[in-house]
Amino acid sequence: MRSWGDPEPRTRLGALAVIAAALTAAVSCAHIDGEPDPSDPWERMNRGTFRFNEGADRWVVEPVAKGIDFVLPDPVERSIRKFFDNSMFPVYFGNDLLQFKPVSAVEDLARFVINTTIGIAGFFDPASRFGLEGHREDFGQTLGYWGVPPGPYLVLPILGPSNPRDSVGLAADSFSTVYPWFVPFWVSSAITTGNRLNQRSLALDEIAAERRAALDYYVAVRNAYLNYRENQVRDQEEDEADDDDLYYLD
Amino acid sequence: MLRPARIATAVFVAVVSGLAAPGVRAATESEAGARTVISETVEEVLAVLRDKTVPTEDRIRSIEQIVYGRFDLYVMSRLVLARSWKRFSEEQKAEYVEEFKKYLTNSYGSRIERYDQQRVEIVGEREEARGDVVIQTKIVGGEFEGALVDYRLRNQNGEWRVIDIVIEGISMVSNYRDQFKSIVSSGGPELLLEKLKEKNAAGMTID
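From first to last, the protein sequence lines are chains A and B. If you're matching positions, the first sequence starts at 1 in this note's numbering and goes up one per residue. If you're matching positions, the second sequence starts at 1001 in this note's numbering and goes up one per residue.
Right, here's the structure in full:
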């Protein structure tokens, strides 16, 4: 998620490009049925990148994540996820402030203090039990809050679903994460990769089931990403105009 | 040793959560009706999920009965197809509703073993401008701790029925609509029915 801040992302991408070349060689060019979706003018390119990512997942990421899942019990994986979530505090806090949400900022600060101490370096989340939920604001959401449109749907290599606004957000947030400035590149890469693999191992069954069930997995993921992000930018407030379109056919 | 810190924390949390507490408002009659449907359904489903003495297949059947009794599958199917609905003949419509139902069972039934450690808390409700009611819930415990799930209900002939489930902003109706749209526009109702039947024939693999 945060590998945008890494100074040499090419090293890792280079290794994966070899695998990707082998994978994509066997697959024909992206085929698109019917009219293009207005939210996805880059569909042809995106489907190509998506297929590359799926290949990388099937052959590299998922097997490693299965290994992790075999070794670590789920509660441990969830604790690791909480640790990474807690370490994101500077990002959350900064973006609370950039969105002029002082209450969220104070709550996120309180969460960080409680979870880092009572929650043992963030591996546990007692703050949620006190009713203090995280707000998890990022710079992509901040830009959205400021009125910057997301732009077309964009699938990034390895990093997955995004759009130009969220890509900029991801890059900006990675600079406000503190540790990459103080540790060698390989350490921060390992941490980032570890976080992503851990998250993947928590989603093994869900992703497998969704892949199996979807009539068009690419579209299912696109729709989920767009709606999930929109909902985050709106802070779970409803969008009446959108709802009317969805729930009334007249 | 810990006491002063704990007291300070408790006070701090109380103050902060007090700041964030939403205004309390009495539920409307519609909201109360819809809320009952959701809380009853959730309780019944969770009871089935937790009873591990019954084989998975049978539990899926029980959940199907409970859930589909409270879903308006016809409205849901129509909303999913949206403008494409008109392209379906009466026969195709009936066939589609039936296949869509099977498809939902296959898609979600296989995952039931994952949901047995959780509780569901109703955290809010709102009545929409045109009479639908949204019941907001939060999952407590288990795999999906903290996930927000909204149920949208519509009143048909005095009964509240679920017409959409929205998980963290991701609407089931919207997601299927997007997937099905391009299939119908390229291959017509026939292609969609064919694809659904194909998926349904592959059946359900229980994880």
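A virtual CB, placed ideally from N, CA and C, is assigned to each residue, including glycine.
Secondary structure of residue i, DSSP reduced to three states
i, result
"B/Tyr-1151", "strand"
"A/Ile-191", "helix"
"B/Glu-1057", "helix"
"B/Lys-1138", "strand"
"A/His-31", "Low confidence applies here, because A/His-31 scores a pLDDT of 47, under 50, leaving its location unreliable and the question unanswered by this model."
"B/Val-1097", "helix"
"A/Ile-120", "coil"
"B/Phe-1144", "coil"
"B/Ser-1089", "coil"
"B/Ser-1171", "strand"
"A/Glu-238", "coil"
"B/Gly-1124", "strand"
"A/Ser-39", "coil"
"A/Pro-150", "coil"
"A/Asp-243", "helix"
"A/Val-183", "coil"
"B/Arg-1083", "helix"
"A/Phe-130", "coil"
"A/Ala-220", "helix"
"A/Pro-73", "coil"
"A/Asp-138", "coil"
"A/Phe-100", "coil"
"A/Ala-203", "coil"
"A/Leu-226", "helix"
"B/Gly-1203", "coil"
"A/Ala-213", "helix"
"B/Arg-1111", "coil"
Exposed unless 16 or more other CB atoms sit within 10 angstroms - verdict on residue i
i, result
"A/Ala-25", "Note that A/Ala-25 scores a pLDDT of 38, beneath 50, so its modelled location is shaky and nothing firm can be said."
"B/Thr-1028", "exposed"
"A/Pro-75", "exposed"
"A/Tyr-248", "exposed"
"A/Asn-53", "buried"
"A/Asp-125", "buried"
"A/Glu-77", "buried"
"B/Asn-1157", "exposed"
"B/Asp-1132", "buried"
"B/Lys-1199", "buried"
"A/Trp-181", "exposed"
"B/Gly-1069", "exposed"
"B/Gln-1179", "buried"
"A/Pro-150", "buried"
For residue i, the residue or residues it bridges with in DSSP
i, result
"B/Asp-1164", "B/Arg-1152"
"A/Gly-94", "DSSP output for A/Gly-94 lists no bridge partner at all."
"B/Glu-1159", "B/Gln-1156"
"A/Ser-162", "A/Leu-154"
"B/Phe-1071", "B/Val-1162"
"B/Val-1133", "B/Glu-1127, B/Leu-1153"
"B/Arg-1119", "B/Val-1140"
Option nearest residue i by Cα separation, candidates the options
i, options, result
"B/Val-1149", "B/Tyr-1068, B/Asp-1164, B/Thr-1056", "B/Asp-1164"
"B/Leu-1079", "B/Ser-1182, B/Leu-1196, B/Met-1172", "B/Met-1172"
"A/Ala-127", "A/Gly-140, A/Glu-137, A/Glu-107, A/Tyr-92", "A/Glu-107"
"A/Phe-84", "A/Pro-41, A/Asn-198, A/Gln-236", "A/Asn-198"
"A/Ile-80", "A/Glu-238, A/Thr-192, A/Arg-111, A/Phe-100", "A/Thr-192"
"B/Gln-1118", "B/Arg-1126, B/Phe-1144, B/Gly-1131, B/Gln-1156", "B/Phe-1144"
"A/Phe-130", "A/Gly-140, A/Tyr-145, A/Arg-111", "A/Arg-111"
"B/Arg-1111", "A/Leu-226, A/Glu-210, A/Arg-234", "A/Glu-210"
"B/Pro-1189", "B/Phe-1088, B/Val-1120, B/Ser-1182, B/Glu-1044", "B/Phe-1088"
"A/Gly-67", "A/Leu-202, A/Arg-222, A/His-135", "A/Leu-202"
"B/Val-1075", "B/Glu-1127, B/Asn-1155, B/Arg-1130, B/Gln-1092", "B/Asn-1155"
"A/Arg-234", "A/Thr-177, A/Arg-222, A/Trp-146", "A/Trp-146"
"A/Asn-95", "A/Phe-139, A/Arg-58, A/Pro-150, A/Ser-87", "A/Phe-139"
"A/Phe-89", "A/Lys-101, A/Leu-72, A/Thr-116, A/Asp-69", "A/Thr-116"
"B/Lys-1197", "B/Ile-1066, B/Gln-1092, B/Glu-1168", "B/Gln-1092"
"A/Pro-157", "A/Ala-56, A/Leu-143, A/Ser-188, A/Val-168", "A/Ala-56"
"A/Ser-174", "A/Asn-163, A/Ser-188, A/Pro-184, A/Ser-162", "A/Ser-188"
"B/Gly-1046", "B/Val-1067, B/Ser-1107, B/Glu-1099", "Residue 1046 of chain B is actually Leu in this sequence, not Gly. The candidate whose alpha carbon is nearest that of B/Leu-1046 is B/Val-1067."
"A/Tyr-274", "A/Thr-142, A/Pro-184, A/Ser-162", "The structure shown does not extend to residue 274 of chain A, since chain A is modelled only from 1 to 250, so the question has no answer here."
beta-carbon residue i near the ligand GDP non-hydrogen atom, thresh 7 Å
i, result
"A/Arg-165", "Ligands in the displayed structure: none, and consequently the ligand GDP is not present."
Chain D residues whose Cβ lies nearer than 8 Å to that of residue i
i, result
"B/Lys-1199", "Given the protein chain composition of this structure (A and B), no chain D is represented."
Of all the residues that make up the stretch 208 to 226 of chain A, which are near chain B by a beta-carbon distance shorter than 8 Å?
Along the stretch 208 to 226 of chain A, the positions whose C-beta sits under 8 Å from a C-beta of chain B are Ala-208, Ala-209, Arg-212, Ala-213, Ala-214, Leu-215, Asp-216, Val-219, Ala-220, Arg-222, Asn-223, Ala-224, read in chain order.
Residues of the stretch 133 to 146 of chain A with Cβ closer than 8 Å to any Cβ of chain B, in chain order
Against chain B - using a Cβ distance shorter than 8 Å - the residues of the stretch 133 to 146 of chain A are Glu-133.
Determine which residues of the stretch 1041 to 1062 of chain B have a Cβ less than 8 Å from any Cβ of chain A, and write them out in chain order.
Result list empty, no residue passes.
Can you list, in chain order, the residues of the stretch 1122 to 1150 of chain B whose Cβ is nearer than 8 Å to any Cβ on chain A?
Answer set for the stretch 1122 to 1150 of chain B: Arg-1126, Glu-1128, Ala-1129, Arg-1130, Asp-1132, Val-1134, Glu-1143, Glu-1145, Gly-1146, Leu-1148.
Interfacial residues, the stretch 1076 to 1088 of chain B to chain A, with Cβ spacing under 8 Å:
Of all residues in the stretch 1076 to 1088 of chain B, Arg-1078, Leu-1079, Ala-1082, Arg-1083, Trp-1085 have a Cβ within less than 8 Å of some Cβ in chain A.
Give, in chain order, every residue of the stretch 109 to 125 of chain A whose Cβ lies closer than 7 Å to some Cβ of chain B.
Answer in chain order: Ala-110, Ile-114.
Where the stretch 1170 to 1188 of chain B meets chain A: residues whose CB sits under 9 Å from a CB there:
Listed by position, the residues of the stretch 1170 to 1188 of chain B near chain A (Cβ gap below 9 Å) are Ile-1170, Ser-1171, Val-1173, Ser-1174, Asn-1175, Tyr-1176, Arg-1177, Asp-1178, Gln-1179, Phe-1180, Lys-1181, Ser-1182, Ile-1183, Val-1184, Ser-1185, Ser-1186, Gly-1187.
Give, in chain order, every residue of the stretch 1090 to 1102 of chain B whose Cβ lies closer than 7 Å to some Cβ of chain A.
Shown here is that no member of the stretch 1090 to 1102 of chain B has a Cβ falling below 7 Å from a Cβ of chain A.
Give, in chain order, every residue of the stretch 227 to 241 of chain A whose Cβ lies closer than 9 Å to some Cβ of chain B.
Listed in sequence order: Asn-227, Tyr-228, Arg-229, Glu-230, Asn-231, Gln-232, Arg-234, Gln-236, Glu-238, Glu-240.
Residues of the stretch 77 to 101 of chain A with Cβ closer than 9 Å to any Cβ of chain B, in chain order
Of all residues in the stretch 77 to 101 of chain A, only Arg-78 come within less than 9 Å of chain B when Cβ atoms are compared, listed by chain position.
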